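Below is one structure, written out as structure tokens; comments come after it.
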Amino acid sequence: MQYRRLAIEIESPEERGYDTIQNNLTESSVRDVRLGDLGLSIDDLVLAYGDHRGAPRLRELIAAETGGVGSDHVMTTPGAAAALFMVATALLERGDHAVVQHTNYSTNLETPRLIGAEIDTLPVRFDDGWAFDVERLESLVRPGDTKLISLTVPHNPTGSMVSADELAAVVRVAEQAGAWLLVDETYRGLTHGALLPSVAELSDRAVSVSSLSKAFGLPGIRLGWTATRNPELSERLLAAKEQVVICTSALDETVAEHVLEQREHFAAPIRTMVAEHLEIVASWFDTQTLVEWIRPTGGVVCFPRLVDDVDPDRFYATLNGAGTFVGEGHWFDTPRRYFRLGFGWPTTDELRAGLAGITAAAAASVN
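Below you can see the structure in the form of structure tokens.
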């Protein structure tokens, strides 16, 4: 496959250098956790090959949050990105048809492209309030031909959701077409409202993917997973994992198990912080005339846009020059007047300072 580096990776904070950024509003996760803050001793951990599916107790903890899926059909992976790669490569071949939500996390689009699949994108649009269009999905799916439908719920980068009825309708579309349904559920634990069921609970044609990176601030342990009720698909994914990495890191799984054993202890303060930061962002947008948004209903990001009078190139140059960074629109195959604003990673002071920087940069960039 002809891999290519993407702008979202080339221009990421870790590539740019965190020490060059004063107010980091690019991140799509909550703030990173220090190992010492977890209260975990790992001195006696044996660094051996582990269960190929993943540590049994860890899989039980994950399955407990995914009703209807047994732990034998949960598989840990080195982050959600690896899980998405394994799902795509296990289910798609060159020339296969896939329908992928757009815009999206880059891996969900790029891996099917690398395989050589024929992709139809299912757009979500600002002017529609980022609403999910089930009828549009139905029009794109080819019964008996479409191999994969790929969604992200809650959605990155818009922070939008689907309703329970819409998710059920998507499941019906996939089943009637004989397609596999992949739902990236990385932000499921940070829904700003009623929690949707995991798609893996709803259908034998579905597979859910998630991780501890975004909602728990643990991207450094690279721990994600897949879950499906389908035994054949479970085995196919296990074969993919064994070819790529054999098993997941014992160290990563040990940290993940420790965190999930105390899920609420770690998750509750994160949810409180995210709710507070979302209200700060909402109050700020109430005062803006040059930047507009759709309030997110899940996750820690939103996808606002500059009004037509603002020059995007001048805006980013001014903003970055002052030490504030956001995720530029071209990272997501969208016009540059859109940008991803992450409100879960920065401290409260950094968030307020970054928002003030956006206000100033937009005002300085009016044509």
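Count along the sequence shown starting at 1, add 444, and that's the number in our numbering.
Glycine included, C-beta positions come from ideal geometry on N, C-alpha and C.
Computed from a predicted structure; not experimentally measured.
Just mark residue i as buried or exposed, buried being the case when its beta carbon has 16 or more other beta carbons within 10 Å.
i    : result
V770 : buried
D488 : exposed
G788 : buried
D425 : There is no way to answer for residue 425, as the model of the chain reaches only from 445 to 811.
V518 : buried
D696 : buried
I486 : exposed
Judging by CA-CA distance, which residue of the options is the nearest neighbour of residue i?
i    : options                : result
G573 : T792, R749, R796       : R749
D564 : M445, L584, T547       : L584
V810 : G788, H774, V578, L734 : L734
D495 : G801, I690, D696       : I690
I559 : D589, N548, E772, A542 : A542
E455 : F776, A800, E579, A804 : F776
R475 : P641, A800, A808, G786 : G786
D516 : M530, R497, G523, A508 : R497
T520 : V615, S652, L450, L722 : S652
E579 : R557, A618, V597, T547 : A618
I593 : A683, L626, V568       : L626
F759 : Y782, R739, P740, R680 : Y782
A800 : F729, Y462, L662       : F729
R666 : T698, E459, D463       : T698
R569 : T768, T762, I738       : I738
Y419 : E679, L704, H599       : Here the chain covers residues 445 to 811 and nothing more, so residue 419 does not appear.
R632 : E701, E610, T741       : T741
F712 : L695, G668, T635, D793 : With the sequence shown as reference, residue 712 is identified as Ala, and Phe is not the correct amino acid for it. Considering only alpha carbons, the answer is T635.
E537 : L581, T510, T590       : T590
V725 : L640, D793, L505, E686 : D793
T533 : T803, I506, V688, L722 : V688
Grab the span of the beta strand (DSSP E) containing residue i for me, first residue to last.
i    : result
A542 : 541 to 546
W728 : Premise fails: W728 lies in the alpha helix (DSSP H), 707 to 729, not in any beta strand (DSSP E).
A671 : 668 to 671
G769 : Correcting the residue identity first, residue 769 is Phe in this sequence and not Gly. Residues 768 to 772.
L785 : 783 to 786
L795 : L795 -> not in any beta strand (DSSP E); alpha helix (DSSP H) instead, spanning 792 to 807.
L566 : 562 to 567
For the alpha helix (DSSP H) that residue i lies in, which residues bound it at each end?
i    : result
S678 : 675 to 688
D757 : 756 to 765
I593 : Careful: I593 lies outside any alpha helix (DSSP H), inside the beta strand (DSSP E) at 590 to 596.
P556 : 550 to 559
R780 : Neither: R780 is in no alpha helix (DSSP H) and is coded neither H nor E.
A659 : 657 to 660
Can you give the beta carbon distance from residue i to residue j, rounded, assuming they're within the 8 angstroms contact cut?
i    : j    : result
P601 : S472 : 7 angstroms
A671 : V513 : 5 angstroms
N468 : P790 : 6 angstroms
R586 : W624 : 14 angstroms between Cβ atoms; not a contact.
H702 : L491 : Not confirmed; about 16 angstroms, so no contact.
L505 : E705 : 7 angstroms
Q: Within the stretch 445 to 526, note down every full beta strand (DSSP E) run reaching 3 residues or more, in order along the chain.
A: Those beta strand (DSSP E) runs which fall completely within the stretch 445 to 526 and span 3+ residues are 467 to 469, 518 to 521.
(Q) Suppose only complete runs of 3+ residues qualify. What are the beta strand (DSSP E) ranges in the stretch 603 to 650, listed by chain order? (A) With a minimum length of 3 residues, the continuous beta strand (DSSP E) runs that stay inside the stretch 603 to 650 are 624 to 628.
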